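Novice: Have a look at the structure that comes next, please.
Numbering (my numbering), first residue to last: 1 to 344.
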């Protein structure tokens with residue numbers, strides 16, 4: 001065989017081998033992602049169903065103990081949502097499900113305004129009324145308002161007032177139904193997801209967008225690092241309950257458990273072993289060095305010595321965002337859309 005012919009054959013074999021490895025990595029990554037997201041959605045469905053059950057139990061027998069169980073059930077379901085919140089494609093796009101679970105950002109305090117209207121009318125609170133009342137009253141922020149809003153809970157209309165309980169149980173039923181539908185639809189979505197190559201990039205972009213939102217909207221803006229430079233806890237996404245940072249932590253953990261393994265598979269298949277290890281290490285750094293997750297962000301923003309904990313967290317998240325959204329994206333040939341952090 002002529003030397004040039006041998007060289008061409010060898011080059012073709014290398015190319016074919018590279019394509020095979022890349023395709024196998026792509027399939028492996030998407031297989032993991034689908035399974036991991038399925039598990040996350042199932043956890044959300046389980047916790048949302050428990051929240052609906054506990055809400056009914058509290059309204060039937062309101063005691064300090066049942067109120068504590070209700071608040072705990074809300075937090076469990078809320079954190080389950082935070083762990084899968086990064087998924088912004090597929091069944092969660094149907095009927096604005098993402099917004100139904102969490103209407104945020106809410107700069108005009110629409111949740112409180114819509115809640116006040118709903119609580120102040122005499123119309124019977126049916127499942128249809130909740131479905132027709134808009135996303136501001138259909139999810140976690142609405143239940144958080146009923147449970148934790150200081151002004152509401154300082155009034156005679158506070159839970160367990162009959163009207164409030166009617167709204168509470170209807171909203172939690174709505175959330176439970178939506179979460180079960182989402183989990184079932186994700187199961188049915190599996191063949192299409194695994195057979196469609198574009199979902200490789202769609203999943204990576206979903207993780208990238210989640211990190212951008214974490215860095216810019218859930219940390220930088222409340223810290224006063226963007227905009228007018230003033231610290232503002234009231235633009236965080238769970239300020240009434242004081243669980244904003246627990247939500248941030250849950251999102252990081254969700255990305256670490258569900259998104260990271262597939263990303264590492266793709267990077268390592270492309271020979272980017274060092275980058276994969278740096279990203280893995282940075283995820284660990286964010287979770288291990290997380291500030292006191294049970295402290296309301298208001299406390300940290302109001303105390304300069306405590307504020308340093310938030311600054312350290314912000315730096316950790318910012319470094320992670322750079323590794324994933326810049327270095328990994330370039331290594332994997334993923335092109336980010338313009339201003340992809342707009343929307344949630």
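We treat Cβ as the ideally placed atom computed from N, Cα and C, and that holds for glycine.
Given the structure is predicted, the values throughout are model-derived calculations rather than measurements.
#1: Give the straight-line distance between the Cα atoms of residue 241 and residue 269, rounded to the nearest whole angstrom.
#2: Whole angstroms are fine: how far does the CA of residue 164 sit from the CA of residue 344?
#3: Does DSSP put residue 178 in a helix, in a strand, or in coil?
#4: Once DSSP output is grouped into helix, strand and coil, what is the label at residue 321?
#5: DSSP three-state call for residue 190: helix, strand or coil?
#6: Measure the CB-CB distance between residue 70 and residue 115 and report whether it falls below 9 Å.
#7: Give me the Cα-Cα distance between residue 256 and residue 317, rounded to the nearest whole angstrom.
#8: Say the cut is 8 Å; is the CB of residue 130 nearer than that to a heavy atom of the ligand PLP?
#9: Between which two residues does the alpha helix (DSSP H) containing residue 199 stretch?
#10: Within 10 angstroms of the Cβ of residue 203, are there 16 or more other Cβ atoms? Answer buried if so, exposed if not.
#11: Would you mind stating whether residue 29 and residue 280 have Cβ atoms separated by less than 9 Å?
#12: So, at 7 Å on beta carbons, what are the nonlocal neighbours of residue 13 in its own chain, with the 5 sequence-adjacent residues on each side left out?
#13: What runs of the alpha helix (DSSP H), each 4 residues or longer, lie entirely inside the segment 28 to 104?
#14: For a quick check, are the C-beta atoms of residue 351 and residue 45 less than 9 Å apart?
#15: Measure from the alpha carbon of residue 245 to the alpha carbon of each residue in 219, 224, 231 and 123, then state which is nearest.
#16: Roughly how many angstroms lie between the CA atoms of residue 89 and residue 206, to the nearest whole one?
#17: Pull up the distance between the alpha-carbon of residue 232 and that of residue 24, whole angstroms please.
#18: Taking all protein chains shown into account, decide if residue 234 is buried (16 or more other Cβ within 10 angstroms of its Cβ) or exposed.
#19: Figure out for me which residue from 148, 190, 236 and 198 has the closest Cα to the Cα of residue 67.
#20: What separation, rounded to the nearest whole angstrom, lies between the Cα atoms of residue 60 and residue 160?
#21: Find the nearest neighbour of residue 346 within the set 65, 277, 171 and 254, judged by alpha-carbon distance.
#22: Should residue 185 and residue 91 be called a contact, given that it needs their Cβ atoms to be closer than 9 Å?
#23: Would you mind sorting residue 333 into buried or exposed? The rule is 16 or more other CB atoms within 10 Å of its CB.
#24: Please look up how many angstroms separate the CB atoms of residue 214 and residue 248, rounded, as I've assumed it's under 8 Å.
#25: Distance check for residue 121 and residue 64, CA to CA, integer angstroms please.
#26: For residue 306, which residues from the same chain have a beta carbon less than 7 Å from its beta carbon, with the 5 sequence-adjacent residues on both sides left out?
#27: Quick check: the Cα distance between residue 322 and residue 198, rounded to an integer number of angstroms?
#28: Considering only C-alpha positions, which residue in the set 27, 58 and 312 is nearest to residue 288?
#29: What residue from 326, 130 and 297 has the CA that sits closest to residue 117's CA?
#30: Just reading off the alpha helix (DSSP H) that residue 277 is part of, what are its end residues?
#31: Kindly indicate which three-state DSSP category residue 11 falls into: helix, strand or coil?
#32: Might you give, ordered along the chain, the residues of its own chain that have their beta carbon closer than 6 Å to the beta carbon of residue 77, omitting 5 neighbours on each side?
#33: In terms of residues, what are the limits of the alpha helix (DSSP H) holding residue 108?
#34: Do you know offhand how far residue 357's Cα is from residue 293's?
#35: What three-state label does DSSP hand residue 156 in the structure shown?
Specialist: Working from what's here:
#1: Cα atoms of residue 241 and residue 269: separation of roughly 43 Å, rounded to the nearest angstrom.
#2: Legend: pLDDT at residue 344 = 37, less than 50; position of this residue unreliable, no value from coordinates given.
#3: If DSSP states are grouped into helix, strand and coil, residue 178 belongs with the helices.
#4: Helix at residue 321.
#5: Three-state result, residue 190: helix.
#6: Going by C-beta atoms, residue 70 is not nearer than 9 Å to residue 115.
#7: Annotation: residue 256 to residue 317 spans about 12 Å, alpha carbon to alpha carbon.
#8: Among the components of this structure there are no ligands whatsoever, and the ligand PLP is therefore not found.
#9: Looking at the DSSP string, the run of the alpha helix (DSSP H) that includes residue 199 is 198 to 213.
#10: Classification of residue 203: buried, given that the 10 Å Cβ count is 16 or more.
#11: No, they are not a contact pair.
#12: Because residue 13 carries a pLDDT of 44, less than 50, the predicted location of this residue cannot be relied on, and no value is offered for it.
#13: Listed in chain order, they are 64 to 84 and 97 to 101.
#14: Nothing in the structure corresponds to residue 351, since the chain is present only between 1 and 344.
#15: It is 219.
#16: Residue 89 and residue 206: Cα-Cα distance of roughly 8 Å.
#17: Spanning the alpha carbons of residue 232 and residue 24 requires a straight line of approximately 47 Å.
#18: With fewer than 16 other Cβ atoms within 10 Å, it is exposed.
#19: Checked all of 148, 190, 236 and 198; the closest Cα to residue 67 is 148.
#20: If I take the Cα positions, the gap works out to 9 Å.
#21: Here the chain covers residues 1 to 344 and nothing more, so residue 346 does not appear.
#22: In this structure, residue 91 lies closer than 9 Å to residue 185 by Cβ.
#23: Note on residue 333: under 16 other CB atoms within 10 angstroms of its CB, so exposed under the neighbour-count rule.
#24: Your pair residue 214 and residue 248 checks out as a contact, with CB atoms roughly 6 Å apart and the cut at 8 Å.
#25: Straight-line Cα distance between these residues: approximately 28 Å.
#26: Correct list, in chain order: 299 and 300.
#27: The C-alpha of residue 322 lies about 23 Å from the C-alpha of residue 198.
#28: For residue 288, the nearest C-alpha among the options comes from 312.
#29: Nearest of 326, 130 and 297 to residue 117, Cα basis: 130.
#30: Counting along the chain, the alpha helix (DSSP H) containing residue 277 begins and ends at 273 to 288.
#31: Residue placement at residue 11 cannot be trusted, given a pLDDT of 47 that sits under 50; what the coordinates show is reported in the next sentence. Taken through DSSP and simplified to helix, strand or coil, residue 11 comes out as helix.
#32: Result list for residue 77: 47, 48 and 51, in chain order.
#33: Premise fails: residue 108 is in no alpha helix (DSSP H) and is neither H nor E.
#34: The shown model of the chain, from 1 to 344, leaves out residue 357, and the question about it has no answer.
#35: Coil at residue 156, not helix or strand.
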